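Okay, so here's the structure we're looking at.
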Amino acid sequence: MAKFEFVNPFGSVKDRVAFGMFCEAINQHDVNRGPLKLLDASGGNMGKALAKLGQLCGIPIHLIIPESSPPLN
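According to UniProt numbering, the sequence shown is numbered sequentially starting from 1.
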């Protein structure tokens, strides 16, 4: 049996991990502390998935991308 990770919404195995992190951040956010903003250091598919989720949900995502990272597709 195999998993077809390429059929995930953003095309990577990192999609499920990013979704879990995203949901956890939303669930743990205290609205009394202001709007939710997320920060992650990623030079690849995790950052891409988080950025897409943030865009879909209207939540700002701030990514720290190493200069050595290849361009995103």
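For every residue, glycine included, the Cβ atom is placed at its ideal position computed from N, Cα and C. All figures in this text were calculated on a predicted structure; none of them were measured in a lab.
Assigned exposure category for residue i - 16 Cβ within 10 Å defines buried
i: residue 30; result: exposed
i: residue 54; result: buried
i: residue 47; result: buried
i: residue 32; result: exposed
i: residue 26; result: exposed
i: residue 22; result: buried
i: residue 3; result: exposed
Which residues DSSP lists as bridging residue i, in chain order
i: residue 40; result: 63
Endpoints, alpha helix (DSSP H) assigned at residue i
i: residue 16; result: 14-28
i: residue 3; result: Where residue 3 is concerned, there is no enclosing alpha helix (DSSP H), given that its DSSP letter is neither H nor E.
Rounded separation between residue i and residue j - CA only
i: residue 67; j: residue 9; result: 26 Å
i: residue 42; j: residue 52; result: 14 Å
i: residue 50; j: residue 64; result: 12 Å
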